[in-house]
Every structure is written in C-alpha cells, then in structure tokens.
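So the structure is just underneath, and the comments pick up after that.
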Amino acid sequence: MQLLSYLRSVAAKFFRRSQLEDEMEEELRSHIQHRADDLERSGLDRSAAERRARLEFGSRERSKEECREALGGNFIETLVMDVRFSLRVLRKSPGFTITAVLTLALAIGANAVVFGLLNGLILRPVDVPQPESLYGIERSDEDNPVESYPDYLDLRDRNRSFDGLAAYRITEAGLDTGKDPSRVFLFEVSGNYFDALRIQPYLGRFFHASDERGPNSAPYIALSYAYWHTHFQDDRGVLGRVVQVNKHPFTILGVAPPGFHGTLLFAYPDFFLPMINQEQVEGRNILNARGIAWIYLALGHLKAGVTPPRAIADLNSIGSYLEKTYPKERGQIRYSLSRPSLYGDFLGRRVQMFLTALMLLAGLILLAACANLGSLFAARAADRSREVALRLALGAKRARILRTLFTEAALISLAGGALGLWGSVALLRGMSAWQPVPRYPITLPVNADVNVYGIALLLALVSGILFALVPVRQVLRTDPYQIVKSGSTGAPGRRITFRDLLLVAQIAICAVLVTSSLVAVRGLVRSLHSDFGFDPRNVTIVDTDLSMAGYSGERVPEMQRRMLEAMRTVPGVESVGLIDWPPLISGAYNDSYVFRDLATDLRPSNAVASPFSFRMSPEYFQAAGTALLAGRTFSWHDDKNTPRVAVVNREFAVKMFGSAGNALGHFYKLRDGTRIQVVGIVESGKYKGITDDSAPAMFFPILQSPTLATNLVIRSSRDPRQVSGAIRNTLRDLDRALPYYIGTWSQQLDDFALFPSHVATVSLGVLGVMGAMLSITGIFGMAAYSVSGRLKELGIRIAIGAQPKEVLQAALGRAFKLLAFGSAAGLILGILAARVLASIVYQASPRDPLVLAGVIVAMLLLGLLATWIPAQRALSIDPLALLREE
Amino acid sequence: MPNQAQLLPGTLDLLILKAVSLGPLHGYGALLRIGQISGSALIVEQGALYPALFRLVRQGLLKAKWGTSENNRRAKFYELTSLGRKRLREETDGWNRLAAAMGSVLAAQPE
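Protein sequences, first through last, are from chains V and Y.
According to my numbering, the stretch in the first sequence is residues 1 to 886, in order.
According to my numbering, the stretch in the second sequence is residues 1001 to 1111, in order.
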C-alpha cells in the first residue's frame, strides 16, 4: 500500500509539476510583498521597499531549489527533471548532439554486428539437448576430422567414453518425389544419430541403430522440418510415402523438429538418410574401405563424469589398437576433441581467428569513438564554462551540475546505443537471410539475441558515461568569479593535453584500419588476376553426378562421352572437357599417397607426397586452359585395356622425380601397388584454396579411373550466359531425369574460393570507412574548437597583417601535427597487423608502395576534409567586427 | 542586535512547529512570530524558511492551504496536523530535558 501511495504521489507531483512551480513562485513573491509592506510602513517608498525585501531574501532560485529537494527529494522525480532539462539543453546544441549520438551509434553498431557474428557462430552450440557435453572427434595429426567407416565402427564400439557415437556425411543427391527430380543436400548419418544426439521426431519416427542390417538395409529418410514445410506444405500424409533418391526407393519415416538442422551451424540438410545405404547414394560401396575417409565427423555426448582428457586417452588407446591391427593402412593416430558446431577445429579455428581479429578491430573503433566522445565532451564543457560558472554563482551546487552532465551523457549513450543496435539488428537479420554461396545451402545463423542487446547497451552506457567523466575535473575546478570576470577559461598553449593524446590515438587507429582495408582490397584485386593454373574466363561449368539419375557400370563412361559430344555441337562452344571435381570450386581431394617406383613398403610414412588427384576426359586441359608443358594428354585409347597412365603437374614431377625433365615416361606407385606411367606434365596451379602453396597434383583418364561425379568444363567464344540456354536444352535432350547445377567458373570462384577474401575485404572496408568517419569528426571537433577558442588572437594577427598562410598555420598547425603523428604511428601498426591478414586474403602484402601511398593520400584527404570548415572560418575572421564585439 | 543567538542545527523545524501551533500562519508570518516570541533573539534566515516548511509538509506535520492575509494579499497558510502536534509535544519534552540537563551541568559549582 505504501509503495502505491508513494507512486501516486510521485505521479501526482510529476503531472502537477508546473502548478507546483507556480505555487512556489507565488508563495515566495507573497513573502517578499509582505516584507515590503512592513518596510513601507517603516517609511520607505514602495519600490525601495520591494528592492530591499528582495535583497534581504537572497537567492530565490536557490531557495526554490532547496524547496524542490525538500518536497520531492526522491530519485525518480529528480531524474525526470534532469532528463527534461538535459533534453532541452541538448536540443539547443544539435551539432554536438548529432555528432555524439552518431559517433556512438557507429561504434556500438560495429561492435554489436561483430559480436552478433561471434555470438551466432562461436558462442552458440548446435541445437541439441545438453550441448555442453557434445564433442566431435578430431585427428590431431590431420587438418580434417574425416574418418573411414570401418574406423568409425571401431571407435563407436570400442570407446568407453561416449554415450553413443554418431557420424554424418554431407552429400548431394537427386530426389524424385513424383514431380521434377531436384538436387538436394542431405546428411548421410549413422543409424544411432538421432538417439545419440537425443533428438525426438516432430512427426512420425526416426530410424535407429537396430534398422542397420547390412548394406542398403535401411531405405528410410527423415525430412528436415524446413524441407517438409516448403516442399510438402506441412502435409502430415507424407509419412510412409516412397520417394526416389538417386533412383532408389526410400520411405519417409518422419520429420525432424523445427529447431534441429543437423550438426553443422551453417549448412542445413534437406533430409537425413542412413549411411548404411550409402552405396545407393554414392554409386559404390565404400563401407568396408578402411583407406577411404568419407565420414565428415564422428560425434557424441560424453558420458556423465567423463572428462575430455579421459575421453582422449580412451580414443588414443583405440588408435594404437588400429595401428597395431592394420599396420598397412594406419600410421600413428592421435585423437583430440572439439566442438562440432563449426565442423570441429577445421573451420572453427579459422572462423574464430577471423572473428577475433574483427572483434579487435571493432574494439579499436569503439576506442576511437570513445576518444572522440571524450574530446567532444571536454570541448563542450570548456564552451559551457561560462554557463557553469554562472550557475555556480547563482547558487547551484557542484554535485547538481555534475548530475546534469551525467544525465546528458546517459541520454546520448542511450540514443547512440539504440540507434547503433537498430542498425546492427537490421544488418544481422540481412546476413541471416543471405545465402553467400547460391550453389550450396549455406547460411549465417546470426540473428541478434538477448546477448547482443545486452552487450550493446552495456557498451553504450559504459563508454558514454566513462567519457562524460572527462570534463568533471574541469567543472570541479571552475572558479565562478574568475570566469565571469575574464570571460575565458584561460590556459591556451598548454603543452600536451589529454585530448591531444586521445586524438592522436584515434587517428592512429583510423590509419591502422585504412591500411588494413587497403591491403585487403589490393590483395583481392591481385588474386583476381593471379595465375590459377587454368583460365576461368568464358567457362561454363555443368555440375552433376550420374548416380543421381541411376547410372552405373559401363553406362557411366558411355553417357559421359555422349554428353561431351553433345556439348561440342552447341553453337559458340570452343572446347569441352570433363573432370570429377574442378579445381578451387569443389573441395579437391588429396587423400591418396604416392610412392617411388622402387618402394616396397607402402605405408603412409614412406609416401613421397599426397597429391591432389583428378579424373578427367582427354580434352579437359584444353577446355580449362591449362598449359601442357611436356609429353601428351590422354586419348580415348587410354582405357582399361592399356597400361595405367597419368598426367602430373610440375610440382609433382619435381617432388617425385627431382625435375620435370626426368618425369616423362617414368613410373610411380599408388598405395595399392599399381604402377602408373607419367605421360605428360602440366603447369602447377591452385586446387583447393587460393592462398595454398603450390601443391603436387595428378590427373587420371576417366576410362581407367571411372568417376560418377561429372563436371563439364565448357569453354565458349561468347559470353557464357549466352550459351547457357542451349546447354540446358542439350542436357534435357540427353536425360530429363538428371539434376544438375550450371554456372560460370568465375562466378563460382567468387562464391567459393574467393569468399573469405571477399568477406575480409568488405568487413575491413566497412570498418575502415567507419574509422575514417570517426577521425574526421575527431579532427573537425579539435580544429573547430581550436579556431573558436583563439578567434581573438587570430583577429589580432590578421589586423597586424598576417598572411592567410600564417593564419592557417597558427590556427590549424597543431591539428595537422597531430594528424601526421597519428598517421605515422597508425601506418606502422597497420603494416604489422597486415601480416595477420595475409593468411586470409591471398597476396595481401603491406610492403606495397601503392598501399603506402594510398594510406598517406587517404589520411591527407581526411585531414583536409576535416579542417576545411574551421580553416574557412579562421580565414574569414573580420578583426574589426571581432574587436567591436569585445 | 546583540542578543541574537545562533540557531542550533535541527531547531528550525521545532521553532516553526511551535510558531504554527499558536494559530495558522503564512511563511512571513511564521518568521515574524518566531522573532516576536523569542524577543528577537532568534532570527531565521528568510531563504531557509521555505525549504523547512516544505519539508514539514512532506513529513505530514504541517498542512497548507491558500488564503488571504491581514494585508489583503494571497498567501499560503500553514497549520499543524495531529501528527505535527504529537511531534511538537515529543520534541518539546526532549528539548526541555536536554535544556534542564545542560543547565544543571553548566550550573555545577566546584566543591
């Protein structure tokens, strides 16, 4: 009850505020009138009496202020009053308010976005129950956490640490539901997948370990909720329906819950299918091949009470068992554990590194913004020193003045924080909806959540209020009498102020950002024109897999030859080749080992190299624009009836045979002992990633080394977009049921291999622009303040004949000195920081004269832009007008 | 005014309560009444009076309403509430005890 009446009284006071003020005023006036009446009676005339009465009373404002305190010395009311007062003050100086709010909004926005990424990708676990105990198994001696199926079975059955060890693989397939067959993404998963992850179906049921009774024994699929929603329109009748996956019948058993998108954060499968049936999807049975690692990741919940180190020890003992039992296939194996959400450490570490660097840069932006705010607040306090002095002289308490300063700061922080957050939420929402690689269902699940809101608000308040503290000392030291008398805060020409240091720091930060974004842009431009070992211009790629339309055995090469011949007849096509996985756009494999011809012990530790391997048609090199350096390419006569041959790249030849000249006509061995003769040598190129060093590669003819994965590389004399229609028609005539993806090689390079560079360049560019904007406002503030503070001095200089150059030097010399100093420091730091960049952006080198020149020009432009208005103002000073004012 | 005494902290409220207990008063009236009953020995600063009045109203010891003064001017009149009367009694007793104690302490003679 008491609280209620308290609130009511507060509310009443709030609403009757003006009435109360009027009453207070009237009461004091009445008092003075009464006193004046008495004085008048004692013989003074009325006006003298009233003056005397007023004087006797003293400061009415002060009395009123104390009355207000006595009346409503409660927190909320004073707060409301402060807020109203601050709003009024801020409205009176829109320039200051807008600059401060925007500065803060930029910084908070940048930080909220980067934190949103960090939050969505690193901090967030996969959406399964008890995600904290979910671990993926990594190989600490290999980059990739892949396993072969037999190894997975050994791990699953022999470990004592996991509460069920599941496995998955991502693959593509053709799905025929009775309408047009379409390409889908699916997870091939172990039978125990859903049980080990503790996921319950949304509809129907899931398959289980008990459904696995040998190869192809579990023809079931479980749809993802999203696929069920978009492709089956939430039809509950799909349960039990039979669909064709790569021309094999599968029964729909159930639908996964809406929140479950598989065990990768960024790639959502359309459905799940037991990996025991992999032969029907992949076209060949690799369930028994211990040498083929095709399972993406084995993962599971650790049993209660099992710590990660214990689990690793357990796994390593299985590793040494495998090593002893299969000495031919297995070298030493060391296992480790990682979070599965970003495909273990393989991607996770890179993403984390990149985002940490980004967070650091965003932190720098915030720091720069704070520096800016600090000097803004300090400049404002200096400008307001007269007002503060006046208020002190009229009897305001210092604490009260500080309170209003803090209220202003808090208001600005809240407004800036809210604006920044609003922008970042919109940006994050856009990112979540964005599909960076149209070819694959990759998303960035980075919608803003409570964490992001909380961080943004916290940052805004802390930075805003922290920098409102800057002028506190100024206020506390203010001596009202001095200031009212002299009209100036006095001490110009102090050596180095705190604000100068802030500004230098800020310019340096900006220069770092500008340097790194220029380095990134240069790297990107260069990598677009670098030598990949093939020429992607004017090349269309038709990406398909013949198993999706049910091809197998002899029908595969026959169909592939028909496709090649049909494409050759398309008008505008110059040459057509076929390769299983085109370099740089489809994760090339380098999981095979090669040995010298004389080697007998074919263990991985004795291998000369593990080159990338490709299977291709004779015309591939011509179509791809890869130069043949020596020997010959294949012909259609290199088939099963002739000795095995290969074309290798120069790097391979050097590694295996010492030099390119020695390689031609010589033999090497594969893991299974097959002897291969080198018949040709091609230039080295990039195969997997654009930042990779030159790596060995070997190419096999498809007639000797068949492949279902079929990528047609079609070089045209015209714009690839013009031939794509004809290519589509030709494909339809060949086989209606074959799903495919068509795109240009360059476009897919952009989407795929250059994606990290693009992301890095864009984010650095955005941060660089932000840094530049903050620097401009910072320098502008400083220059404008230094000009306005020295108007009188400059006026006198002009009056006694100073030239414009000298005036500018006097007015802005300091600003430029700070700019030069900060830029130099930033440039050096930026060059150091760019080394980190080189790992993300191909050919990013800071020791590039163009980058250095670019940074210097950018900083100069920035300085000119920021000091333009203050310089104009300094030059247009009219000494006469100025002197008259005084 | 040689007989003026320094106001002890905290005594202003008591003085006001006492002044108002003799009949409703406006602010200036209270000031005069205090001067009058103390024989001009106690002078309240004009600016300090109103905050004290507002405080007492807020504590529920006084209540205020607008009226017309003897000078025919609009003025706000204060009077004691029952709570105010009680508080005045308590404070008066307390003060008397203190004054008596102080008096006897200060009157003590060396034996």
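Every residue gets a Cβ at the ideal spot worked out from N, C-alpha and C, and that includes glycine.
Within a Cβ cutoff of 7 Å, which residues of the same chain sit near residue i, ignoring the five residues on either side of it in sequence?
i	result
Pro438/V	Asp751
Phe821/V	Val504
Leu428/V	Val113, Gly116, Val446, Asn447, Ala448
Ser716/V	Asn538, Thr540, Gly572, Val573, Glu574, Val723
Asp672/V	none
Leu861/V	none
Leu734/V	Arg562, Met563, Ala566
Ala508/V	Gly822, Ala825, Gly826, Leu829
Ser746/V	Pro536, Arg537
Asn144/V	Phe346
Arg403/V	Asp82
Ala763/V	Reading the sequence as shown, one finds Ser at residue 763/V and not Ala. Only Leu358 meet the Cβ criterion.
Phe595/V	Leu602, Asn606, Ala607, Val608, Tyr668, Lys669
Val470/V	Gly374, Phe377, Ala378
Cβ of residue i within 8 Å of Cβ of residue j?
i	j	result
Gly209/V	Val255/V	Checking the displayed sequence, the identity of residue 209/V turns out to be Ala instead of Gly. Cβ atoms of Ala209/V and Val255/V: not closer than 8 Å.
Lys459/V	Asn119/V	The question names Lys, but residue 459/V is Leu in the sequence shown. Cβ atoms of Leu459/V and Asn119/V: not closer than 8 Å.
Thr443/V	Tyr268/V	yes
Ser140/V	Arg334/V	yes
Gly58/V	Gln1046/Y	yes
Ala549/V	Gly291/V	no
Val851/V	Leu518/V	yes
Tyr593/V	Pro583/V	no
Thr626/V	Glu683/V	yes
Gln560/V	Asp639/V	no
Ile877/V	Ile798/V	yes
Spatial neighbours of residue i within its chain, please: C-beta separation below 6 Å, excluding the five flanking residues on both sides.
i	result
Phe898/V	In this structure chain V extends from 1 to 886, so residue 898/V is not present and cannot be described.
Leu1098/Y	none
Ala623/V	Ser575, Val576, Gly577, Val713, Arg715
Ser338/V	Gly136, Glu138, Gly344, Asp345
Thinking residue i and residue j are a contact (beta carbons under 8 Å), I'd like their distance in whole angstroms, please.
i	j	result
Lys1063/Y	Val1057/Y	7 Å
Lys655/V	Ala588/V	Not a contact, Cβ separation roughly 17 Å.
Asp543/V	Leu708/V	About 12 Å; that fails the 8 Å criterion.
Leu297/V	Gly344/V	6 Å
Arg1131/Y	Leu1061/Y	Given a span of 1001 to 1111 for chain Y in the structure shown, any question on residue 1131/Y remains unanswerable.
Pro879/V	Val787/V	Incorrect: roughly 14 Å between the Cβ atoms, too far for contact.
Ala293/V	Asp692/V	20 Å between Cβ atoms; not a contact.
Name the chain Y residues that come within less than 7 Å of residue i, Cβ to Cβ?
i	result
Ala70/V	Pro1051, Phe1054, Arg1055, Arg1058
Arg391/V	Under the 7 Å cutoff, chain Y gives no residues; its nearest Cβ is about 17 Å from Arg391/V.
Glu806/V	Result: empty, since nearest Cβ-Cβ is about 55 Å, beyond 7 Å.
Glu66/V	Pro1051
Please compile the residues from chain V whose C-beta is within a distance smaller than 8 Å of the C-beta of residue i.
i	result
Arg1074/Y	Glu26, Ser30
Tyr1028/Y	Ser30, His31, His34, Arg35
By the criterion of Cβ-Cβ separation under 8 Å, what are the contact partners of residue i in chain Y?
i	result
Asp383/V	Going along chain Y, no residue has its Cβ under 8 Å from Asp383/V, so there is no contact; the nearest lies around 31 Å.
Cys370/V	Within 8 Å Cβ-Cβ: nothing; Cys370/V doesn't reach chain Y, min ~40 Å.
Ser913/V	Residue 913/V falls outside the range modelled here, since chain V spans only 1 to 886, and no answer is possible.
Glu40/V	Under the 8 Å cutoff, chain Y gives no residues; its nearest Cβ is about 10 Å from Glu40/V.
So that I know if they touch, is there some Cβ in chain C lying closer than 8 Å to that of residue i?
i	result
Asn1071/Y	Included in the structure are the protein chains V and Y, with no chain C among them.
Would you say the beta carbon of residue i comes nearer than 7 Å to a heavy atom of the ligand NAD?
i	result
Arg526/V	The ligand NAD is absent from the structure shown, which contains no ligand whatsoever.
Between residue i and the rest of its own chain, which residues show a CB-CB distance below 8 Å, the 5 nearest in sequence each way excluded?
i	result
Trp581/V	Gly587, Ala588, Tyr589, Phe614, Ala709, Asn711
Ile796/V	Pro879
Ala491/V	Any reading at Ala491/V must be qualified, since the residue scores a pLDDT of 47, below 50, and its modelled position is unreliable; the value itself is stated next. Same-chain partners within the cutoff: there are none.
Leu364/V	Ile509, Val512, Leu513, Gly771
Leu461/V	Ala410, Ser413, Leu414, Gly417
Strictly below 7 Å CB to CB, what residues from chain V border residue i?
i	result
Gln1036/Y	Here the premise fails: no neighbours, minimum Cβ distance about 13 Å.
Gln1109/Y	Residues of chain V passing the Cβ test: none, with the nearest at roughly 44 Å.
If the cut is a Cβ gap below 9 Å, which residues of chain Y does residue i touch?
i	result
Ser63/V	Gln1046, Gly1047, Ala1048, Leu1049, Tyr1050, Pro1051
Item to complete: List in chain order: all unbroken beta strand (DSSP E) runs of 3+ residues lying wholly within the region 1028–1081 of chain Y.
Response: Segments of the beta strand (DSSP E) lying fully in the region 1028–1081 of chain Y: 1062–1068, 1074–1080.
Ordered list of beta strand (DSSP E) runs contained in the region 226–274 of chain V, each at least 3 residues
Qualifying beta strand (DSSP E) stretches, in chain order: 242–245, 248–255, 271–274.
Starting from the N-terminal side, write out each stretch of the beta strand (DSSP E) that is 3 residues or longer and does not extend beyond the region 573–632 of chain V.
You should have 573–579, 594–596, 612–616, 628–631.
* **Contained alpha helix (DSSP H) runs [length at least 4] in the region 285–364 of chain V, N- to C-terminal order** => Positions of the alpha helix (DSSP H) runs, each at least 4 residues long and wholly inside the region 285–364 of chain V, are given as 308–325 in order along the chain.
Mind listing, in chain order, the continuous beta strand (DSSP E) runs of no fewer than 3 residues lying wholly within the region 121–187 of chain V? With a minimum length of 3 residues, the continuous beta strand (DSSP E) runs that stay inside the region 121–187 of chain V are 134–139, 162–176.
Please give the ranges of any alpha helix (DSSP H) in the region 489–552 of chain V, keeping only runs that are unbroken, at least 4 residues long and fully inside the region.
Within the region 489–552 of chain V, the complete alpha helix (DSSP H) runs of at least 4 residues are 498–528.
Report the start-end ranges of each alpha helix (DSSP H) in the region 819–880 of chain V that is 4 residues or longer and not cut off at the edges. Assignment of alpha helix (DSSP H) within the region 819–880 of chain V, counting only whole runs of 4 or more residues, yields 849–875 in chain order.
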